[in-house]
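Working notes for the structure below.
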Amino acid sequence: MFGPLISKPGSSRNNKTGSWRTETKPKFLQKNCIGCKMCLLICPEGCITGAEKNTYACDYLYCKGCGGCAAICPKADIVMIKEESKD
Amino acid sequence: MKEFLEGSRAIAEIVKRCRPGVISAYPITPQTHIVEDLAQFVADGELKCEFVNVESEHSAASVVLGGVAAGVRSYTATSSQGLFYMMEVLFNIAGMRLPLVLTCANRAISAPINIWNDQQDSISLRDSGWVQMYAEDIQEASDFHMLAYKLSEDASIMLPVMVCMDGFILTHGIETVDMPRQEEVDKFLTPYRPLYKLDTADPVSMGILADPDYYMETRFAIQETMKKVLDKIPALTQDFSKAFGRTYNGLVEGYRIDDAEKVIVALGSVCGTVKEVVDELRLKGKKVGLLKITTFRPFPAQKIQEALKDIPKVAVLDRALSLGSYAPVAAEVKAAFFGKKKGPKVISSFIAGLGGRDITKDSIREIFGLLTAKEVSCEFIDLKPELLKEKYE
Chain A
1 MFGPLISKPG SSRNNKTGSW RTETKPKFLQ KNCIGCKMCL LICPEGCITG AEKNTYACDY
61 LYCKGCGGCA AICPKADIVM IKEESKD
Chain B
1 MKEFLEGSRA IAEIVKRCRP GVISAYPITP QTHIVEDLAQ FVADGELKCE FVNVESEHSA
61 ASVVLGGVAA GVRSYTATSS QGLFYMMEVL FNIAGMRLPL VLTCANRAIS APINIWNDQQ
121 DSISLRDSGW VQMYAEDIQE ASDFHMLAYK LSEDASIMLP VMVCMDGFIL THGIETVDMP
181 RQEEVDKFLT PYRPLYKLDT ADPVSMGILA DPDYYMETRF AIQETMKKVL DKIPALTQDF
241 SKAFGRTYNG LVEGYRIDDA EKVIVALGSV CGTVKEVVDE LRLKGKKVGL LKITTFRPFP
301 AQKIQEALKD IPKVAVLDRA LSLGSYAPVA AEVKAAFFGK KKGPKVISSF IAGLGGRDIT
361 KDSIREIFGL LTAKEVSCEF IDLKPELLKE KYE
């Protein structure tokens, strides 16, 4: 009998490491965004996507809730909210 | 062909016939002769193999991990501190389900530094996921290497195997050994066919991160496979017997236990001494016997239950100790009978032969003598009380 032992290239997407997140997660308000991309660039998980202003969002399946995006946003348009919050 | 060989030479000769493609090892007494001879075979062109000289056992284990991960049969050997220095890599090899054979020339653990034989080194790695087989004599040690590769590389097993042989007693002892011809070994041990390997044409990653969603299943799978090993070993020893004419039980071996009233349970070379004493005591009408545990991991609990169910008194002889607790083999033998209706009334535990202190026939007679209705735990044999008077104030 074998467990999961090997992985093929490009399979890191299969590991939904967002399960490690505790306490807080970012909420992208998409109101005052100027499209500066700072959130996308600072995200250590590379899980933030967006192009035009007010289109940026993160993928909670991989987000660890580090808060880097919220801290760097020059317009305070990203806020950290409690994990249990619905939105 | 029968040859008069030093134990280490016999192991080198049999490993050569198993045709590993990668060998890496770091010398440590009493393992050195084995890999010294193998290095000579490679240098002389007798064995086509990559012999990788390394700066430590940690590297040696890592190199053979890499060798077998790339799909090549690999081999290493070590002892004592060297085995411990390999430790984290050995857990990785088992966790990555890489079939490998390692010879452990059993030696005591520091401190105090001691190069002589006991079994504390390999016993301490009992939880590593490696199969462990303990040889009684040089012939067994040699034959077990062929069995070990065959078992390890079986597509339903894929677990590494540690062949344990008592340092000096077996590695440096000289015995007549029936050394099979290359063609015979080739017939028994066909080339290794990996289920998966490192290959640039079809890349995979091994030893990957397994987060809480994945890890437990990998451990469960090893535990289940270990149960399978208990069925596989007897099947393989039958094939072995057909191929080479020597019969092994593979898991446990009873010696004159059928009507025995007192039985010693032991691992490794001391079993030879116990057999001698059993024969002598039997001549005097004493009903004594031996149960040799050949495979310690997986632990053949059921075979032990069957063998000892009607024996009133059992003594377990350990050459290792879980300091602050019970003797390792004794604890497991006792556990095997807990809650069972049939079984020994007494299972006493004895510690002997640590750090190379000889276990003589007198030691064995003393154990049979101390095996009475009064159960004892971790009773040290051949202890010198005068050495315990040291004072440091």
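In the order they appear, the protein sequences are chains A and B.
Residue numbers for the first sequence follow the numbering used here, beginning at 1 and rising by one.
Residue numbers for the second sequence follow the numbering used here, beginning at 1 and rising by one.
Heads up, the beta-carbon is just placed ideally off N, CA and C, and yes, glycines get one too.
For clarity, every value in this text was computed on a predicted model and none was experimentally measured.
Looking at B:Gly272, B:Ala210, B:Val63, B:Lys292, the one whose alpha-carbon comes closest to that of glycine 254 of chain B is B:Lys292.
DSSP places proline 26 of chain A in no alpha helix (DSSP H) but in the uninterrupted beta strand (DSSP E) bounded by 24-28. Distance from the CA atom of aspartate 154 of chain B to the CA atom of proline 298 of chain B, rounded to whole angstroms, is 16 Å. Glycine 71 of chain B is positioned such that its CB atom lies closer than 7 Å to that of proline 194 of chain B. Assignment of alanine 51 of chain A by DSSP, reduced to helix, strand and coil, places it in the coil class. Restricting attention to alpha helix (DSSP H) runs no shorter than 4 residues, the stretch 153-216 of chain B encloses them at 182-188, ordered along the chain.
Leaving aside the five residues that flank threonine 247 of chain B on each side, the residues in its chain whose CB is nearer than 6 Å to its CB run, in chain order, Ser241.
Restricted to the stretch 83-110 of chain B, the beta strand (DSSP E) segments that are unbroken, complete and at least 3 residues in length are 101-106, listed in chain order. Beta-bridge analysis with DSSP links isoleucine 78 of chain A to A:Phe28. A contact between stretches requires three or more CB pairs, one per stretch, nearer than 8 Å, and the stretch 131-142 of chain B meets this requirement with the stretch 157-176 of chain B.
Along the stretch 112-143 of chain B, the alpha helix (DSSP H) occurs as fully enclosed runs of 4 or more residues at 120-123, listed in sequence order. Straight-line spacing of the CA atoms in leucine 151 of chain B and glycine 3 of chain A works out to 19 Å.
Assignment of beta-bridge partners to valine 252 of chain B by DSSP yields B:Ile293.
Contacts with chain B at 7 Å (Cβ-Cβ) include leucine 5 of chain A. A direct Cα-Cα distance of roughly 14 Å separates cysteine 18 of chain B from valine 35 of chain B.
Identification of chain A residues near tyrosine 214 of chain B by a Cβ-Cβ cut-off of 9 Å yields Gly3, Pro4, Asn15, ordered along the chain. Of the candidates B:Arg97, B:Ser124, B:Leu98, B:Met96, B:Ser124 places its Cα closest to the Cα of tyrosine 85 of chain B. Listed along the chain, the chain B residues whose CB falls inside 9 Å of the CB of lysine 8 of chain A are Asp202, Pro203, Val204, Ser205.
Rounded to whole angstroms, the gap between the alpha carbons of threonine 24 of chain A and isoleucine 81 of chain A is 5 Å. Pairing arginine 282 of chain B with isoleucine 115 of chain B, the inter-Cα distance amounts to about 35 Å. At a cut-off of 7 Å, the C-beta of glutamate 224 of chain B has a neighbouring C-beta in chain A.
Chain A has no Cβ within less than 7 Å of the Cβ of isoleucine 157 of chain B. Scanning chain A for C-beta atoms nearer than 8 Å to the C-beta of glutamate 217 of chain B yields Gly3, Pro4, reported in chain order.
Close to serine 19 of chain A, with beta-carbon spacing below 9 Å, are these residues of chain B in chain order: Asp211, Pro212, Asp213.
Taking 7 Å as the cut-off, the beta carbon of arginine 97 of chain B is found no closer than this to the beta carbon of methionine 179 of chain B. Not a single CB atom of chain A sits nearer than 7 Å to the CB of isoleucine 109 of chain B. For lysine 361 of chain B, the enclosing alpha helix (DSSP H) begins and ends at 361-370.
Around serine 62 of chain B, the same chain offers Val89 as residues with beta carbons nearer than 7 Å, after the five sequence neighbours per side are excluded.
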